[in-house]
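One structure is given here, and the rest of the page talks about it.
Protein chains: 4
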Amino acid sequence: MAKLKVGMIGGGGPGNFFGQVHRRAISLDDTREVVAGALRSDPEQAMAAAKQWGIQGYPDYASMIAAWKKGKLELDYVTIVTPNHAHFGPAKAAVEAGLPVMCEKPMTFTVAESEKLAALVKKGKVPFALAHTYTGHPMMMLAKEMVGRGDIGEIRKIEAWYNQGWLADAAEKTGNQQAGWRVDPKRAGISNCGGDIGTHAFVGATWVTGLKVKKVSARLNTFVKGRLLDDDFNVIAEMSNGATAVITATQIAIGYKNDTGFRIYGTKGSLEWHQERAESLLVRRGQSDEVLWIGGGFSHFTPAVASYLRLPSGHHEDFFEALANLHGSLERQIRLARGEKVPAPFPHPDAQTGLDGLRFIAAAVASSKKKGAWTNV
Amino acid sequence: MAKLKVGMIGGGGPGNFFGQVHRRAISLDDTREVVAGALRSDPEQAMAAAKQWGIQGYPDYASMIAAWKKGKLELDYVTIVTPNHAHFGPAKAAVEAGLPVMCEKPMTFTVAESEKLAALVKKGKVPFALAHTYTGHPMMMLAKEMVGRGDIGEIRKIEAWYNQGWLADAAEKTGNQQAGWRVDPKRAGISNCGGDIGTHAFVGATWVTGLKVKKVSARLNTFVKGRLLDDDFNVIAEMSNGATAVITATQIAIGYKNDTGFRIYGTKGSLEWHQERAESLLVRRGQSDEVLWIGGGFSHFTPAVASYLRLPSGHHEDFFEALANLHGSLERQIRLARGEKVPAPFPHPDAQTGLDGLRFIAAAVASSKKKGAWTNV
Amino acid sequence: MAKLKVGMIGGGGPGNFFGQVHRRAISLDDTREVVAGALRSDPEQAMAAAKQWGIQGYPDYASMIAAWKKGKLELDYVTIVTPNHAHFGPAKAAVEAGLPVMCEKPMTFTVAESEKLAALVKKGKVPFALAHTYTGHPMMMLAKEMVGRGDIGEIRKIEAWYNQGWLADAAEKTGNQQAGWRVDPKRAGISNCGGDIGTHAFVGATWVTGLKVKKVSARLNTFVKGRLLDDDFNVIAEMSNGATAVITATQIAIGYKNDTGFRIYGTKGSLEWHQERAESLLVRRGQSDEVLWIGGGFSHFTPAVASYLRLPSGHHEDFFEALANLHGSLERQIRLARGEKVPAPFPHPDAQTGLDGLRFIAAAVASSKKKGAWTNV
Amino acid sequence: MAKLKVGMIGGGGPGNFFGQVHRRAISLDDTREVVAGALRSDPEQAMAAAKQWGIQGYPDYASMIAAWKKGKLELDYVTIVTPNHAHFGPAKAAVEAGLPVMCEKPMTFTVAESEKLAALVKKGKVPFALAHTYTGHPMMMLAKEMVGRGDIGEIRKIEAWYNQGWLADAAEKTGNQQAGWRVDPKRAGISNCGGDIGTHAFVGATWVTGLKVKKVSARLNTFVKGRLLDDDFNVIAEMSNGATAVITATQIAIGYKNDTGFRIYGTKGSLEWHQERAESLLVRRGQSDEVLWIGGGFSHFTPAVASYLRLPSGHHEDFFEALANLHGSLERQIRLARGEKVPAPFPHPDAQTGLDGLRFIAAAVASSKKKGAWTNV
């Protein structure tokens with residue numbers, strides 16, 4: 270099978286994190302390759318970056334998509350890693366052109382944009398994936414499968430969290446670029462902590478269980494003086510089946526890095542997963558604890574999840590492999606649509622997930638302003 | 270030094286848990302002994318139980334306290350392990366008589382009772398200890414010392430939890446006595462999960478940090494059909510210094526046993542402790558993680574905490590030893606008052622802690638009824 | 270039931286560790302009490318120490334045993350916590366007098382003494398327990414039960430270890446009394462590290478599996494200059510069923526405290542246990558890992574082990590409770606012999622275990638001197 | 270910088286593990302690519318496999334190397350993933366031709382071959398890397414740096430192990446190809462367990478510490494009936510500085526997957542690392558434990574190690590990334606030799622390491638046959 274050809278939008282700035290991780294995730298399986306890019310917002314810099322990457326450069330995403338439309342460039346999908354406020358433009362353009370999309374999260378800057386985009390995706394039936402990396406980890410996929418087939422019964426309660434410590438001080442005032450845009454309402458939108466990492470906890474609570482958030486009571490804090498957006502995010506949520514979820518995120522937990530995970534309590538048992546020890550999933554049913562591990566050969570994996578495993582047990586797959594799995598799911602959608610024989614894609618986050626996330630954050634911000642009043646999502 | 274003589278009130282029923290654990294905690298150090306008891310509410314059964322224990326029996330607490338008053342019985346303190354609604358009577362009687370008290374938690378059945386009792390204790394300057402066992406664990410004591418001396422700076426956020434799974438089904442309908450009284454409003458009061466284990470999480474959040482809870486927004490759930498009290502308890506709290514605390518407890522987390530603990534985030538670092546792996550305390554300051562262990566000889570212990578250690582490092586002290594430490598603190602108060610030379614007692618939970626706990630639960634129940642409205646404690 | 274009365278031999282020196290831990294282990298259950306003692310080798314100091322403990326004093330063990338013989342002192346058993354070279358005398362005297370014994374390990378100073386003592390115990394059918402504390406932990410007892418009933422099949426390989434770091438420097442030269450006698454051949458015998466902690470690893474390998482060590486190939490090291498005995502101990506052993514055991518101990522592993530445990534590999538599965546996280550036992554059979562926990566109510570405990578549990582799940586029993594269990598097993602033997610109704614005692618280490626341990630160390634020392642030549646035990 | 274072009278030798282059989290993992294490790298960083306291959310021993314199958322991979326095929330390694338020699342094929346290095354007995358031929362051919370080599374371990378089938386190859390590499394100054402994957406993990410690299418700069422003082426003792434369970438039954442008789450060749454003396458050589466995984470433990474003990482093994486006393490076992498080679502491997506070793514190492518490996522530890530790691534005890538502290546939780550390194554110095562984590566931004570990394578990190582803290586790199594780091598070190602050697610500006614390569618295992626490993630296994634097999642007699646390496 271020929272490699273899929275990927276066009277990258279954004280990601281070419283010096284030291285850009287997301288550009289590099291997607292590039293590696295695309296390359297990892299040797300079945301996809303980055304061939305073209307509109308890598309920066311400045312046209313000249315975009316061309317220079319592409320040259321440095323050794324790929325076909327374009328001054329902007331519009332001209333890259335146009336080149337593909339005209340048959341002057343072969344592309345199978347685009348990957349969007351621009352700043353948050355610049356997701357909507359290229360995503361809309363690609364979807365309208367019928368070009369599949371891997372989009373970084375949050376999907377767009379506003380709920381309204383997400384509503385438009387999700388509608389376009391639905392209408393055009395264009396493969397669209399949202400880069401919630403952790404959902405690509407086989408143990409998180411397994412958790413979704415287990416909940417889905419009723420292993421732990423009806424869900425009663427969910428705890429989902431994301432603890433970080435890197436914004437405990439005013440890092441944005443000492444030249445940290447990653448901090449700079451995240452706490453700037455113009456570039457980050459209505460929420461910093463909630464939008465940046467609270468959404469990951471939200472996806473843990475909803476994607477794994479298949480439940481929706483109906484309404485929320487929230488308390489957002491800004492602990493660091495002078496900051497305009499939240500750096501701490503606490504939500505009690507009512508789920509679509511009546512379950513309660515406690516969804517929290519913070520950036521002031523000194524020494525915590527990417528401590529995200531979930532505990533899900535059902536009428537028959539419980540599941541617990543931690544991203545920082547992603548290779549195992551704790552299953553509790555009452556007597557002993559069962560610890561399930563990642564790796565080929567284990568009978569606890571369904572074929573759907575097993576089809577994503579690259580290594581036998583005892584050798585772990587982690588961040589890059591999880592992100593590569595999301596690209597892999599998009600790849601499978603594209604190849605299946607062409608009639609190639611590949612396994613079915615796992616139902617990874619899509620445009621609807623993106624829209625739900627934006628709505629959740631908007632409701633939480635609104636509730637917090639109303640002193641925690643229960644607010645519909 | 271002669272052993273302190275202890276009178277036990279309650280605890281003599283067949284298979285009674287609290288009676289046995291206090292008896293062991295009293296005996297452990299060979300410096301205290303149970304010598305008398307009014308072990309059951311039925312006078313005849315009380316006398317029979319005392320005979321079986323091999324101690325001096327009394328038909329009721331009043332006659333035991335009276336015997337002591339008249340000089341017919343030597344006693345240094347009483348330990349109250351009656352059902353929750355029967356704490357107030359003997360506690361009041363003992364305190365009014367000037368007899369020191371170790372009282373099981375919750376201190377009383379109602380806030381009003383606790384207010385009276387705390388006032389009496391204060392007025393009479395009677396040594397009074399509340400049996401929040403976990404606070405007797407040296408690593409929880411160390412955490413309090415570290416916060417107190419500013420090791421992690423000003424507190425911004427607290428997470429404190431208690432997860433259990435044993436009431437995930439209607440155990441109260443299948444003859445489980447422990448379940449039976451806990452979910453019965455007549456015997457347990459206004460809250461089951463909050464009062465029984467939420468208070469432990471509350472003590473984790475307040476006793477360790479020295480902060481008070483100012484107001485709460487709560488969502489209490491009853492997941493098991495037919496139950497009249499909560500079996501799930503979720504609170505977002507505002508602390509006296511403006512910090513936010515997320516305090517949760519549940520009894521429907523299947524496979525979770527006594528999973529209680531806390532994470533405390535300050536401006537200089539973080540502390541994390543789990544009761545089910547009580548022997549270590551995680552200290553995070555940003556670069557490496559530091560894991561502190563229990564045991565004599567470690568320089569991280571202050572003399573105040575070190576004076577409670579019985580074993581060198583690598584050998585752990587746990588539940589019984591922690592409870593024995595609470596008795597030890599009461600013992601120290603009593604001995605010091607007599608001019609004996611013993612180390613100063615650690616500031617373990619007292620009548621004020623008990624009153625604060627009752628008020629916290631009352632406020633949470635009220636807030637939950639008002640759909641999470643912020644309610645003063 | 271009346272409390273058993275215990276006479277203590279040794280243990281009364283200032284700051285003596287073993288005296289205090291046995292005293293607490295005896296008191297814990299409120300069914301045994303120390304009533305008399307010959308607490309130090311110097312008669313006057315012995316009497317003074319007894320007075321301080323508040324018990325009946327004797328100037329030496331001979332007179333205490335004599336007083337019991339003449340009916341002037343009630344005793345049910347003695348506990349021997351003298352220095353290693355002074356175990357044999359009182360143990361022999363007690364056994365010959367028909368008085369049950371709890372003896373600290375190693376049982377005696379020489380193999381010859383142990384042979385005599387084991388023969389006397391056998392002949393006299395006197396209850397005799399050897400204080401290998403860790404074997405009193407319910408999870409180690411459970412491991413023995415599981416191996417015994419064939420849960421992991423035929424044993425092929427065993428790893429048992431004990432890592433400490435407190436003798437990494439010449440602590441014996443800076444006034445550390447615990448270090449002083451251990452590295453002194455006159456007081457510790459032919460081996461320091463092997464005799465002191467290697468025997469614990471040996472017991473892990475043999476008591477749990479029910480296997481004997483047939484022959485050994487050993488390498489003992491002395492890393493700290495000027496030391497006359499080993500501070501590092503490495504043995505490859507052939508077991509009675511042909512299995513191989515790797516038994517190691519060291520005192521120079523800086524930062525390791527009482528890191529002892531075992532891995533046992535059978536034809537059907539594996540068991541792994543660590544003393545420093547004693548509350549769980551890892552059972553591996555190939556697919557998932559099973560983690561079994563301590564605590565009343567778990568179906569994985571046999572009635573024999575469950576009869577030793579004091580707490581429900583989620584609350585851990587550790588060092589004191591394990592030692593109290595050994596006293597409990599001796600207590601059950603004594604009470605059963607009198608016709609009292611108590612559960613059967615668990616087969617804890619006895620005089621034969623003590624003899625086997627001495628022989629194992631002697632063989633290891635001999636093998637090491639012969640450059641690791643395989644040496645029969 | 271142009272991508273390095275890699276020729277693959279072996280690895281093209283259906284379901285071949287090593288071919289796929291190296292292919293992914295080569296692709297991951299988007300700076301190297303597989304362009305040609307002699308993927309199977311059968312010429313026709315080799316060509317067919319290359320076609321399937323989408324690369325330039327050759328019927329055998331000789332013709333691929335010849336094509337490069339003649340300038341008909343651009344290559345920067347070859348990766349050898351043939352069966353063990355077929356490493357020497359292509360490695361020798363490549364080195365003699367001056368073409369850099371990444372070679373799977375064990376380096377060759379016999380000590381004699383390794384001696385020849387190491388001499389050729391030395392003479393020709395050809396970049397040569399041995400694929401001991403775990404040494405590419407940043408935490409193992411950090412351990413080497415820490416030992417090298419004296420953080421834990423002079424090394425006294427080493428424990429290094431590798432526990433697996435997949436050969437606990439006669440998997441070779443039920444069609445498991447991976448098992449089949451490993452227990453066949455014709456394809457695996459003189460040792461199965463020692464050669465396959467004992468060498469990893471050996472590299473843990475030597476590469477990290479910089480010490481050599483001087484002599485060994487070994488006991489090899491074959492637990493599964495009918496097997497001609499060892500499936501269990503136990504060595505006590507004397508190191509070049511007088512330290513003792515206990516090096517063990519087994520394939521009959523049911524439920525253990527790739528449980529390899531080390532503990533290193535020095536005069537100032539200890540290091541402990543486990544491959545199955547590779548993201549952290551435990552540093553013990555006596556009081557608290559220090560846990561160091563992988564990830565960009567940590568001050569505990571030297572620039573040499575930091576130059577290999579791809580992700581910030583809290584996101585882990587594991588197996589593929591470690592193997593990619595070995596390719597990266599080879600890449601740096603090649604680019605530096607051309608005058609390109611890249612960071613200095615880390616001193617990863619090379620031909621000398623490979624030779625040392627073969628000699629170690631040979632000495633262990635010899636010692637075991639002589640009943641554990643100490644045997645020079």
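Note that the protein sequences, when read in sequence, are chains R, E, X and V.
Under the working numbering, the first residue of the first sequence carries the number 270, and numbering increases by one thereafter.
Under the working numbering, the first residue of the second sequence carries the number 270, and numbering increases by one thereafter.
Under the working numbering, the first residue of the third sequence carries the number 270, and numbering increases by one thereafter.
Under the working numbering, the first residue of the fourth sequence carries the number 270, and numbering increases by one thereafter.
By construction, the Cβ of each residue, glycine as well, lies at the ideal position given by its N, Cα and C atoms.
Between the options, which has its C-alpha nearest residue i's C-alpha?
i	options	result
E/Trp562	E/Gly583, E/Leu436, E/Gly555, E/Tyr534	E/Gly583
X/Val611	X/Asp619, X/Glu600, X/Pro618, X/Ala620	X/Glu600
R/Ile671	V/Lys341, V/Ala593, V/Thr300, V/Glu382	Nothing about residue 671 of chain R can be read from this structure; chain R reaches only from 270 to 646.
R/Thr468	R/Asn490, R/Asn503, R/Gly444	R/Asn503
X/Ala518	X/Ile466, X/Lys394, X/Met410	X/Ile466
E/His356	E/Cys372, E/Gly405, E/Gly473	E/Cys372
R/Val560	R/Pro572, R/Tyr577, R/Glu541	R/Glu541
V/Leu368	V/Gln520, V/Ala439, V/Gly340, V/Val380	V/Gly340
R/Glu590	V/Gly288, V/Asp298, V/Val275	V/Asp298
R/Ala366	R/Ala336, R/Thr377, R/Val350	R/Ala336
E/Gly495	E/Ala474, E/Trp476, E/Asp438, E/Lys481	E/Asp438
E/Asp345	E/Pro396, E/Ile459, E/Ala388	E/Pro396
Report the neighbours of residue i on chain R: residues whose CB is nearer than 7 Å to its CB, in chain order.
i	result
E/Arg425	Phe492, Ile521
Please classify residue i as buried or exposed, where buried requires at least 16 other C-beta atoms within 10 Å of its C-beta.
i	result
E/Ser637	buried
X/Thr348	buried
V/Gln321	exposed
E/Asn645	exposed
V/Leu497	exposed
E/Lys413	buried
E/Glu313	exposed
R/Asn527	buried
E/Ala632	buried
Interface residues of chain B around residue i at Cβ under 9 Å?
i	result
E/Arg553	In the displayed structure, chain B is absent; the protein chains listed are R, E, X and V.
Quick one: which chain E residues come within Cβ less than 8 Å of residue i?
i	result
R/Ile516	Per Cβ cutoff of 8 Å: no residues; R/Ile516 is ~10 Å from chain E at best.
Would you list the residues sitting across from residue i in a DSSP beta bridge?
i	result
E/Leu399	E/Cys372
X/Lys426	X/Thr513, X/Tyr534
E/Ile505	E/Ser486, E/Val515
X/Gln222	Residue 222 of chain X lies beyond the residue range present for chain X, which begins at 270 and ends at 646; the question has no answer from this structure.
R/Tyr346	R/Val275
Could you name the residues of chain X that residue i contacts, counting a contact when the two beta carbons are closer than 8 Å?
i	result
R/Asp420	Within 8 Å Cβ-Cβ: nothing; R/Asp420 doesn't reach chain X, min ~13 Å.
What does residue i reach in chain X if we use C-beta pairs closer than 7 Å?
i	result
R/Ser310	Neighbours of R/Ser310 on chain X: none; closest Cβ ~49 Å, over 7 Å.
Does the distance between the C-beta of residue i and the nearest non-hydrogen atom of the ligand GTP fall short of 8 Å?
i	result
E/Val347	Absence of the ligand GTP is noted for the structure shown, with no ligands found whatsoever.
Name the chain V residues whose beta carbon is nearer than 8 Å to that of residue i?
i	result
X/Asn503	Ile505, Thr513, Val515
Discussion item. Assess contact between the region 415-423 of chain X and the region 528-537 of chain X, defined as three or more Cβ pairs (one per stretch) separated by less than 8 Å. Is contact present?
Written reply: Contact between the region 415-423 of chain X and the region 528-537 of chain X is present, because at least three Cβ pairs lie under 8 Å.
Practice prompt. Please confirm if the region 567-580 of chain X is in contact with the region 608-628 of chain X, defined as three or more CB-CB distances below 8 Å between the two stretches.
Written response: Contact holds: three or more Cβ-Cβ distances are below 8 Å.
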